[in-house]
Structures are given as structure tokens and as C-alpha cells.
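Taking our numbering, the leading residue of the sequence shown gets 551, the next gets one more, and so forth.
Where is the CB? At the ideal position from N, CA and C, for every residue including glycine.
Note that this is a predicted model, so its numbers are computed, not measured.
Below is one structure, written out as C-alpha cells, with a few remarks after it.
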Amino acid sequence: MKFIDKLERKFGKYGIPNLTVYVCACYVIGYLLELFNPGIMSMLSLDMAKVFQGQIWRLVTWVLYPPSSGNLILFIIMIFFFYYPIGTSLERTWGTFRYTLYIFSGIIFTVIAALIVYLVTGGFVTINGMVYALGGSMYTTYYISMSIFLAYAVSYPNMRVLLMFVIPIKMSWMAIFYGVIILYDIISYLRAGYWFMVVPIVASFLNFAIYFFGTRDMSRYNPKEIHRKQEFRKAMEPQGRVRNGSGTVTKHKCAICGRTELDDPNLEFRFCSKCSGNYEYCQDHLFTHQHIK
551 MKFIDKLERK
561 FGKYGIPNLT
571 VYVCACYVIG
581 YLLELFNPGI
591 MSMLSLDMAK
601 VFQGQIWRLV
611 TWVLYPPSSG
621 NLILFIIMIF
631 FFYYPIGTSL
641 ERTWGTFRYT
651 LYIFSGIIFT
661 VIAALIVYLV
671 TGGFVTINGM
681 VYALGGSMYT
691 TYYISMSIFL
701 AYAVSYPNMR
711 VLLMFVIPIK
721 MSWMAIFYGV
731 IILYDIISYL
741 RAGYWFMVVP
751 IVASFLNFAI
761 YFFGTRDMSR
771 YNPKEIHRKQ
781 EFRKAMEPQG
791 RVRNGSGTVT
801 KHKCAICGRT
811 ELDDPNLEFR
821 FCSKCSGNYE
831 YCQDHLFTHQ
841 HIK
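Written out as C-alpha cells, the structure is:
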């Protein structure tokens with residue numbers, strides 16, 4: 551992620567603090583508009599034909615379309631127990647600029663997808679001999695929100711959540727489950743001939759694809775990396791474990807704040823590959839610490 555590192559050094563001050571609050575506010579506003587004045591949503595959708603007619607605001611206002619609608623109680627649960635905690639946790643982990651870049655890149659990719667579909671189809675598609683106009687309601691924040699969840703699952707694969715507030719399940723399994731749903735949606739649209747519905751889905755996940763492959767360690771077979779892993783294994787042996795103030799043996803300890811798994815069993819710990827030596831950090835300092843050279 552060297553390119554993003556350079557962007558952060560140059561434009562880091564433009565990150566939007568507490569961006570998740572604004573995102574959730576957009577969801578709430580969109581839900582209320584759909585509930586009390588559904589007709590106005592057609593004036594806010596990402597309809598590229600209308601954009602080329604001068605309705606430029608649609609390039610922005612389409613983000614008011616909530617990722618889900620219908621039952622009010624379910625919507626409130628999704629906002630306060632799903633989108634908000636996951637988004638704020640990612641912002642603390644990645645830093646304000648990286649999280650802002652992730653959200654806005656998903657939005658920009660979706661706008662580009664809408665432009666491509668419009669240029670290819672002219673705003674009309676033929677299905678079973680019938681001509682239909684492509685409306686802007688097909689572009690929502692549903693899959694962008696899903697990409698945020700997947701990014702969180704990749705960052706904390708062993709984190710456990712309570713499915714239906716009862717069943718504990720790892721985030722990695724939840725990610726696989728949602729990945730299957732997304733793949734099913736894509737296959738269903740393609741089989742039905744709705745290829746134009748697949749384009750915004752793929753575009754919505756480009757930011758996740760960039761993040762996922764950009765954070766993979768592609769130098770795992772490098773001799774230096776092999777040596778570092780060997781040192782890591784030695785550090786994880788019983789003799790490499792540390793003791794806290796009470797004398798209790800702990801397996802992990804953050805080099806910044808000193809917290810261990812005894813302080814919070816839900817904390818995630820990782821060794822930093824960019825630091826010289828075996829320095830381990832908790833989830834709050836893994837992406838924000840200053841590398842030791």
C-alpha cells in the first residue's frame with residue numbers, strides 16, 4: 551500500500567473525522583424520505599440521463615438511498631448495531647484518511663459504473679423484446695456498506711459477533727456467508743440477462759478488492775520474510791512470553807499501550823512487518839504507530 555502511504559502523507563489532513571456518523575445520518579435521512587415522501591427520491595437518484603440534462607446534484611444525493619428499507623426496527627438495529635460500530639472501529643484501526651479514502655472510492659467507482667452503463671445502453675435496455683428505461687434507483691449504498699463489512703472481517707477475522715444476538719460466530723465465517731450472497735446476486739442477474747445490474751455491484755467492491763490485494767503479503771517467499779517469520783515463531787514460544795504487573799504470563803503485549811489479552815479478550819494483536827524487530831501491536835495501534843527502523 552505504498553501508493554496510499556504517499557497519499558496519506560500528502561493529503562492526510564483532508565480525512566473526515568467521524569465519517570461513519572455522517573454516513574449513518576445519510577441512511578436515516580434517506581429512510582425518512584422513502585417513508586414520508588417516496589416521490590422525492592426519484593429526484594435524488596443516480597440517473598445519468600438526468601445528470602447530462604443538468605441535474606448535477608444526482609452525483610451526490612444518491613448516497614441518501616439507504617442500504618435497506620422496510621421495517622423500522624430492523625433498520626434501527628442495522629444502523630446502531632452494525633454499520634456504526636463497524637465503521638467507527640475501522641476508522642480507529644486504519645486512521646481517518648484511509649477510512650475516508652475507502653468510503654469515497656466506493657462512491658466514486660459506483661458513479662463511474664453508472665456512467666459506463668449509460669454510455670453503453672443510452673439509458674435503455676431490451677429484455678424479452680421489451681424496451682425499459684434504466685432508472686437511478688438501481689444505485690444504492692447497499693453493496694458499499696457490504697464492502698465496509700467485508701473490510702472489517704478481513705481486518706478482524708477472529709472477532710466474534712452474536713448472530714441474531716444469540717449465536718457467537720467469527721467474522722471470517724460471516725464474510726464467507728455474505729460473499730456467497732453477493733456471488734449469488736451476480737449469477738442471478740447474469741442468468742436473467744440483467745448484466746447492467748452486475749456492473750454497479752462489481753464497482754462497489756473495487757475499493758475492497760484494492761484493499762484486500764494491497765494488504766496481502768506478496769513477498770512471503772522472500773528470504774528476509776522467511777527469517778522474520780522464524781523469529782516470530784521463536785517469540786511465540788513459552789520462553790518468549792511476557793509477564794504483566796501481577797506476574798501473570800501473557801501471550802501478547804502491545805508495544806505502544808502495553809495492553810495484553812488479559813485486559814480485553816476481544817483485542818486483536820499483530821506483528822508489524824515494517825518494523826525492525828519483533829514488535830507487536832494491538833488493533834488500535836497496528837496501523838497508526840510509527841515504524842521502528
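task = Using 10 angstroms around the beta-carbon of Ile842, count the other beta-carbons present and answer buried if the total reaches 16, otherwise exposed.
result = What you label residue 842 is simply residue 292 of the sequence shown in a count that begins at 1. Counting Cβ neighbours within 10 Å, Ile842 comes out exposed, since fewer than 16 surround it.
message = Could you tell me the alpha carbon to alpha carbon distance between Gln789 and Gly729, rounded to whole angstroms?
response = As a first step, residue 789 must be located in the sequence shown, where it is residue number 239. As a first step, residue 729 must be located in the sequence shown, where it is residue number 179. In this prediction, Gln789 has a pLDDT of 42, which is less than 50 and means its spatial position is unreliable; nothing more can be read from the coordinates.
query = Curious, which full-length alpha helix (DSSP H) runs of at least 4 residues does the stretch 648–736 contain?
reply = Here the runs fully enclosed are 692–705.
message = Within a Cβ cutoff of 8 Å, which residues of the same chain sit near Tyr564, ignoring the five residues on either side of it in sequence?
response = Looking up residue 564 in the sequence shown gives position 14. Shown here for Tyr564: same chain residues with a beta carbon closer than 8 Å to its own, the five before and five after excluded, namely Phe647, Thr650 in chain order.
ask   = From this set, Leu594, Leu684, Met680, Tyr689, which residue's C-alpha is nearest Val670's C-alpha?
value = Start at 1 with the first residue of the sequence shown, and residue 670 comes out as number 120. Nearest in C-alpha terms to Val670, of all of Leu594, Leu684, Met680, Tyr689, is Leu684.
ask   = Is Tyr692 closer than 7 Å to Pro588 when the C-beta atoms are compared?
value = Indexing the sequence shown from 1 puts residue 588 at position 38. Indexing the sequence shown from 1 puts residue 692 at position 142. With contacts defined by Cβ atoms closer than 7 Å, Pro588 and Tyr692 do not form a contacting pair.
inquiry  = What does the Cβ neighbour count give for Val711, buried or exposed, with the cut at 16 atoms within 10 Å?
reply    = Reading the sequence shown from its first residue, position 161 is the one you call residue 711. Only buried fits Val711, as 16 or more other CB atoms lie within 10 angstroms of its CB.
inquiry  = Starting from Phe821, trace the beta strand (DSSP E) in both directions and tell me its first and last residue.
reply    = Locating residue 821 in the sequence shown gives position 271, where the first residue counts as 1. Run containing Phe821: 819–821, per the beta strand (DSSP E) assignment.
ask   = Ends of the beta strand (DSSP E) at Cys832?
value = For the purposes of this step, residue 832 is taken as the residue at position 282 of the sequence shown. Judged by DSSP secondary structure, Cys832 falls within the beta strand (DSSP E) whose first and last residues are 830–832.
query = Straight-line CA distance for Leu583 to Thr643?
reply = If you number the sequence shown from 1, residue 583 lands on position 33. If you number the sequence shown from 1, residue 643 lands on position 93. Straight through space, the alpha carbons of Thr643 and Leu583 are spaced by roughly 33 Å.
query = If you count every other CB in all the chains shown that lies within 10 Å of the CB of Pro750, and 16 or more means buried, which is it?
reply = As a position in the sequence shown, residue 750 is number 200, starting the count at 1. With 16 or more other Cβ atoms within 10 Å, it is buried.
message = Given this structure, state the Cα-to-Cα distance separating Ile870 from Ser823, to the nearest angstrom.
response = Here the chain has residues from 551 to 843 only, and residue 870 is not among them.
inquiry  = Just to check my reading of the structure: Leu614 and Gly580 have Cβ atoms closer than 8 Å, yes? What is that Cβ distance to the nearest angstrom?
reply    = Counting from 1 along the sequence shown, the entry for residue 614 is found at position 64. Counting from 1 along the sequence shown, the entry for residue 580 is found at position 30. Between Leu614 and Gly580, the beta carbon gap of about 4 Å places them in contact (Cβ cut-off 8 Å).
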